[in-house]
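Participant: Sharing a structure with you now.
Number of protein chains: 2
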Amino acid sequence: MTATLPSEVTATQALVQPALREAVGELRPAMRRIVSYHLGWTDEHGEPRSSGGGKALRPALALLAAQAVRAEPEAALPGAVAVELVHNFSLLHDDVMDGDTERRHRPTVWRLFGTPAAILAGDALLTLAVDVVERAGDPAATRCLTGSVHHLIEGQSADVDFEGRLDVGLQECLDMADGKTGALMRCAAQVGALLGRASPVAAQLLADFGGNLGMAFQLVDDLLGIWGSPEVTGKPVLADLRVRKKSVPVVAALDSRTADGARLRELYGRTDPPTEEELHTMAELIERSGALAWTRDRAQRYVAQAQTCLDRLHPPPPIHAALTDLTRFVLERDR
Amino acid sequence: MTATLPSEVTATQALVQPALREAVGELRPAMRRIVSYHLGWTDEHGEPRSSGGGKALRPALALLAAQAVRAEPEAALPGAVAVELVHNFSLLHDDVMDGDTERRHRPTVWRLFGTPAAILAGDALLTLAVDVVERAGDPAATRCLTGSVHHLIEGQSADVDFEGRLDVGLQECLDMADGKTGALMRCAAQVGALLGRASPVAAQLLADFGGNLGMAFQLVDDLLGIWGSPEVTGKPVLADLRVRKKSVPVVAALDSRTADGARLRELYGRTDPPTEEELHTMAELIERSGALAWTRDRAQRYVAQAQTCLDRLHPPPPIHAALTDLTRFVLERDR
Numbered sequence: 001m002t003a004t005l006p007s008e009v010t011a012t013q014a015l016v017q018p019a020l021r022e023a024v025g026e027l028r029p030a031m032r033r034i035v036s037y038h039l040g041w042t043d044e045h046g047e048p049r050s051s052g053g054g055k056a057l058r059p060a061l062a063l064l065a066a067q068a069v070r071a072e073p074e075a076a077l078p079g080a081v082a083v084e085l086v087h088n089f090s091l092l093h094d095d096v097m098d099g100d101t102e103r104r105h106r107p108t109v110w111r112l113f114g115t116p117a118a119i120l121a122g123d124a125l126l127t128l129a130v131d132v133v134e135r136a137g138d139p140a141a142t143r144c145l146t147g148s149v150h151h152l153i154e155g156q157s158a159d160v161d162f163e164g165r166l167d168v169g170l171q172e173c174l175d176m177a178d179g180k181t182g183a184l185m186r187c188a189a190q191v192g193a194l195l196g197r198a199s200p201v202a203a204q205l206l207a208d209f210g211g212n213l214g215m216a217f218q219l220v221d222d223l224l225g226i227w228g229s230p231e232v233t234g235k236p237v238l239a240d241l242r243v244r245k246k247s248v249p250v251v252a253a254l255d256s257r258t259a260d261g262a263r264l265r266e267l268y269g270r271t272d273p274p275t276e277e278e279l280h281t282m283a284e285l286i287e288r289s290g291a292l293a294w295t296r297d298r299a300q301r302y303v304a305q306a307q308t309c310l311d312r313l314h315p316p317p318p319i320h321a322a323l324t325d326l327t328r329f330v331l332e333r334d335r
Numbered sequence: 336m337t338a339t340l341p342s343e344v345t346a347t348q349a350l351v352q353p354a355l356r357e358a359v360g361e362l363r364p365a366m367r368r369i370v371s372y373h374l375g376w377t378d379e380h381g382e383p384r385s386s387g388g389g390k391a392l393r394p395a396l397a398l399l400a401a402q403a404v405r406a407e408p409e410a411a412l413p414g415a416v417a418v419e420l421v422h423n424f425s426l427l428h429d430d431v432m433d434g435d436t437e438r439r440h441r442p443t444v445w446r447l448f449g450t451p452a453a454i455l456a457g458d459a460l461l462t463l464a465v466d467v468v469e470r471a472g473d474p475a476a477t478r479c480l481t482g483s484v485h486h487l488i489e490g491q492s493a494d495v496d497f498e499g500r501l502d503v504g505l506q507e508c509l510d511m512a513d514g515k516t517g518a519l520m521r522c523a524a525q526v527g528a529l530l531g532r533a534s535p536v537a538a539q540l541l542a543d544f545g546g547n548l549g550m551a552f553q554l555v556d557d558l559l560g561i562w563g564s565p566e567v568t569g570k571p572v573l574a575d576l577r578v579r580k581k582s583v584p585v586v587a588a589l590d591s592r593t594a595d596g597a598r599l600r601e602l603y604g605r606t607d608p609p610t611e612e613e614l615h616t617m618a619e620l621i622e623r624s625g626a627l628a629w630t631r632d633r634a635q636r637y638v639a640q641a642q643t644c645l646d647r648l649h650p651p652p653p654i655h656a657a658l659t660d661l662t663r664f665v666l667e668r669d670r
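Structure, rendered in structure tokens:
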């Protein structure tokens with residue numbers, strides 16, 4: 001099954017894309033060239049590409065959050081652009097840190113233009129994100145953004161730290177996921193609410209909606225990192241197990257006190273690259289330990305919690321429907 | 336001759352250091368540990384060190400700029416802390432990009448804690464800098480800071496780009512130096528002036544003072560990178576020539592249309608590591624081409640321009656004297 005983005009989400013692109021291009025246009029030429037490649041707007045020679053870009057879920061969430069509190073989507077545009085810039089800052093730096101050579105079926109920036117270019121382009125996007133949100137003139141929005149960046153850094157730092165450890169607990173793994181993904185989705189919804197002049201209660205409900213949606217998103221990402229279809233995700237089969245990543249389903253299995261979990265621990269403790277047979281064994285062990293079902297169930301619970309926030313908020317019906325569709329997309333997506 | 340920092344500059348440390356520690360204390364533990372090591376406050380095990388830290392010229396400049404327009408130094412404190420955080424963000428990332436293994440006679444962060452830790456700690460400091468300046472409640476100060484970061488990134492990007500080129504022109508090399516060092520020194524003085532509620536004319540004079548001082552600082556740095564005493568600078572003898580860096584004196588020599596410049600170009604065009612004999616030849620060629628004298632003269636001219644800004648500003652006499660001493664220190668320093 002291929003889940004498609006709700007039309008209200010794709011409709012926000014018509015507002016977000018020009019604003020994003022305008023912001024990136026402020027960068028000096030050297031950085032603009034790298035960023036345009038990273039965003040899928042140009043190829044490695046700087047020639048325009050017809051398609052490109054990611055799902056742009058975060059800016060859509062910001063615009064829908066403003067509409068949920070009955071503001072015009074335009075009010076949230078600086079926040080929407082800023083969160084998308086922060087998201088891409090983190091992708092540029094994460095690809096360097098993780099040594100990932102491909103993203104969205106194309107060579108990563110560090111791979112093509114070198115590590116310094118990727119670090120500097122990330123730095124430039126983080127700074128530009130602050131510029132854009134600061135101009136909206138709402139200090140709470142700026143603080144929401146920088147607070148989420150600190151969270152993001154904390155999450156990525158934990159992720160790196162986990163690499164050298166076999167004793168990662170499930171709670172700290174969920175905290176890491178909250179930092180890596182929950183924080184910026186929470187910020188996207190909250191910044192949209194703030195710029196839409198939401199009441200404190202409504203802003204908090206939207207922040208919680210975004211945070212829960214983000215956690216569900218990350219858990220589904222972790223499942224796709226093991227069981228996703230390579231031709232769809234653009235990642236190798238069993239990608240996360242290949243690098244012995246401590247993603248949520250893996251840690252849930254390691255932490256399961258089952259014989260399958262113990263056997264997985266033994267395979268994860270080895271240092272030589274896993275064979276194809278070992279990879280499939282790992283995936284089976286995770287499934288048999290109950291961790292696959294647990295992760296899927298947990299993702300559904302996060303979505304249910306997001307739904308509860310939404311129901312308490314009483315947004316206009318079309319926006320309620322769009323945000324509900326968004327939670328469904330996050331659960332059912334295959335890429 | 337060892338130039339010492341003017342007492343008014345070192346006196347600002349009493350204000351800056353506690354504020355800097357308070358800001359860094361806001362970071363989460365993992366980042367705080369890395370940053371405390373980088374700033375020289377702790378050793379690699381997290382144990383406190385008695386000495387530490389750099390010259391902290393930039394925060395001193397911010398506080399003196401506020402005093403130059405007859406404000407209390409405390410008014411500029413958020414700006415002072417923010418520029419010092421930005422400076423250290425750039426050092427952390429530059430050390431990764433340049434592959435430098437030592438800073439201030441200690442292993443660099445990436446060398447000790449890994450590249451991801453250095454990238455993330457830099458990201459955290461940049462974000463923290465924005466937090467600190469934003470709280471001062473003056474949008475112009477925040478914009479001054481982020482504007483200087485974009486300049487800084489541009490300068491570092493040019494520096495990286497120059498590595499693969501032999502045709503670097505003198506003007507673009509000076510522009511690069513202005514980005515790498517001029518911009519943040521300009522911002523330090525300007526942000527101090529802005530937070531000290533300077534008139535637009537006074538703020539501009541102080542910005543120009545800082546920018547000129549920064550250029551002089553960078554040119555002296557470039558001279559020390561070739562002729563500095565290793566036991567004082569903590570860098571290997573003829574350090575910049577070893578890596579065939581396109582610093583200002585080098586580019587001035589390459590660009591000199593002299594036989595010495597042509598011979599240097601030939602040595603710089605080689606790809607194998609230079610021998611000790613070649614290193615000394617390079618240094619001699621730069622001197623004989625007139626580029627050493629030119630660079631020294633140019634540094635003096637920047638300082639003279641800074642002095643002109645100061646004279647037009649008419650700050651209180653003790654502040655005039657302190658800022659004058661600062662320009663002298665920048666010219667005469669040996670580290």
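Order-wise, the sequence lines are chains A and B.
Residue numbers for the first sequence follow the working numbering, so the first one is 1 and each next one is one higher.
Residue numbers for the second sequence follow the working numbering, so the first one is 336 and each next one is one higher.
Just so it is clear, CB atoms sit at the ideal spot from N, CA and C, and this is done for glycine as well.
Since we're looking at a predicted model, the values are computed, not measured.
Return the bridge partner residues of Arg441/B from the DSSP annotation.
Facilitator: Bridge partners of Arg441/B: Arg438/B.
Participant: Buried or exposed, going by whether 16 or more other CB atoms sit within 10 Å of the CB of Ser371/B?
Facilitator: Burial call: buried.
Participant: Less than 8 Å between CB atoms is the rule here; does Glu357/B satisfy it with respect to chain A?
Facilitator: So, not an interface residue.
Participant: Let me check one thing: in DSSP terms, what residues is Thr377/B bridge-paired to?
Facilitator: Pro383/B, per the DSSP bridge assignment.
Participant: Compare the beta carbon distance of Glu409/B and Leu350/B with 8 Å and say whether it is the shorter of the two.
Facilitator: For Glu409/B and Leu350/B, yes; Cβs fall inside 8 Å.
Participant: Note down, in chain order, all residues in the segment 148-169 of chain A with a beta-carbon under 8 Å from any beta-carbon belonging to chain B.
Facilitator: Here the close residues are Val149, His150, Ile153, Glu154, Gln156, Ser157, Ala158, Val160, Asp161.
Participant: Taking 8 Å as the cut-off, decide whether the C-beta atoms of Ile286/A and Pro249/A are in contact.
Facilitator: Yes, Cβ-Cβ distance for Ile286/A and Pro249/A is below 8 Å.
Participant: State yes or no: is the beta carbon of Val465/B nearer than 8 Å to at least one beta carbon in chain A?
Facilitator: Interface residue, yes.
Participant: Could you tell me whether the segment 394-409 of chain B touches the segment 521-528 of chain B, using the rule of 3 or more Cβ pairs below 8 Å?
Facilitator: Contact between the segment 394-409 of chain B and the segment 521-528 of chain B is present, because at least three Cβ pairs lie under 8 Å.
Participant: If you pair each beta-carbon of the segment 610-627 of chain B with each one of the segment 648-661 of chain B, do three or more pairs fall below 8 Å?
Facilitator: No: fewer than three Cβ pairs fall under 8 Å.
Participant: DSSP on Asp646/B, reduced to helix/strand/coil?
Facilitator: DSSP places Asp646/B in helix when its eight states are reduced to three.
Participant: Hey, Cys644/B and Asp543/B are a contact pair by Cβ (cut 8 Å); roughly how many whole angstroms apart?
Facilitator: Indeed, because the Cβ distance is near 5 Å, the residues count as touching under 8 Å.
Participant: Closest Cβ-Cβ distance between Thr643/B and chain A: below 8 Å?
Facilitator: Taking Cβ atoms only, chain A never reaches closer than 8 Å to Thr643/B, which makes this a no.
Participant: If we count the other Cβ atoms within 10 Å of its Cβ and call it buried at 16 or more, is Ile319/A buried or exposed?
Facilitator: It is buried - the Cβ of Ile319/A has at least 16 other Cβ atoms within 10 Å.
Participant: Hey, how far is the Cα of Leu313/A from the Cα of Val201/A?
Facilitator: Approximately 9 Å between the Cα atoms of the pair.
Participant: Buried or exposed for Val232/A, going by 16 or more other Cβ atoms inside 10 Å?
Facilitator: Answer is exposed; the Cβ neighbour count stays below 16.
Participant: State the CB to CB distance for the pair Pro394/B and Val416/B, rounded to an integer number of angstroms; the pair is presumed to be in contact (CB under 8 Å).
Facilitator: 7 Å between Cβ atoms; contact.
Participant: Do Ala158/A and Met176/A have their C-beta atoms within less than 8 Å of each other?
Facilitator: Cβ distance < 8 Å, so Ala158/A and Met176/A count as in contact.
Participant: Quick one: measure Cβ to Cβ for Asp123/A and Thr108/A, integer angstroms, because I've assumed they're closer than 8 Å.
Facilitator: Incorrect: roughly 16 Å between the Cβ atoms, too far for contact.
Participant: Please classify Glu407/B as buried or exposed, where buried requires at least 16 neighbouring CB atoms within 10 angstroms.
Facilitator: The residue in question, Glu407/B, is exposed, as its Cβ has fewer than 16 Cβ neighbours within 10 Å.
Participant: Below 8 Å on the Cβ atoms is my guess for Gly261/A versus Ser289/A; work out the distance and round it to an integer in Å.
Facilitator: 5 Å between Cβ atoms; contact.
Participant: Quick one: does Ala14/A have its CB under 8 Å from some CB of chain B?
Facilitator: Taking Cβ atoms only, chain B never reaches closer than 8 Å to Ala14/A, which makes this a no.
Participant: Chain B partners of Ala124/A, CB-CB under 7 Å?
Facilitator: Within chain B, the residues near Ala124/A are His485, Ile488.
Participant: If you run the structure through DSSP and keep just helix, strand and coil, what is Arg257/A?
Facilitator: Coil at Arg257/A, not helix or strand.
Participant: Taking the alpha-carbon positions, what's the Glu26/A to Trp41/A distance?
Facilitator: Distance between the alpha carbons of Glu26/A and Trp41/A is about 16 Å.
Participant: Are the C-beta of His93/A and some C-beta of chain B separated by less than 8 Å?
Facilitator: Yes - at least one Cβ of chain B is within 8 Å of the one on His93/A.
Participant: So, for Thr142/A: in the same chain, excluding its five sequence neighbours on each side, which residues have a beta-carbon less than 6 Å away from its beta-carbon?
Facilitator: Contacts found: Val133, Glu134.
Participant: Measure the CB-CB distance between Leu125/A and Phe89/A and report whether it falls below 8 Å.
Facilitator: Result yes, Cβ atoms of Leu125/A and Phe89/A sit closer than 8 Å.
Participant: Leu331/A and Ala216/A look like a contact to me (Cβ under 8 Å); what is the Cβ gap, rounded to whole Å?
Facilitator: Confirmed, about 6 Å.
Participant: Whole angstroms is fine: what's the gap from Ala306/A's alpha carbon to Met97/A's?
Facilitator: If I take the Cα positions, the gap works out to 31 Å.
Participant: Spatial neighbours of Leu145/A within its chain, please: CB distance less than 8 Å, with the 5 preceding and 5 following residues excluded, ordered by chain position.
Facilitator: Around Leu145/A: Gly79, Ala82, Val83, Val86, Ala129, Val130, Val133, Cys187, Val191.
Participant: Quick check on the DSSP output: the alpha helix (DSSP H) that includes Glu231/A runs from which residue to which?
Facilitator: Here the alpha helix (DSSP H) through Glu231/A covers 230-233.
Participant: Give the secondary structure of Gly290/A by DSSP, where H, G and I count as helix, E and B as strand, and everything else as coil.
Facilitator: Residue state, collapsed to three classes: coil.
Participant: Taking the C-alpha atoms as reference points, what is the distance between Arg633/B and Gln348/B?
Facilitator: Spanning the two alpha carbons is a distance of roughly 30 Å.
Participant: Please state whether DSSP places Ala56/A in a helix, a strand or coil.
Facilitator: Three-state DSSP puts Ala56/A in coil, outside helix and strand.
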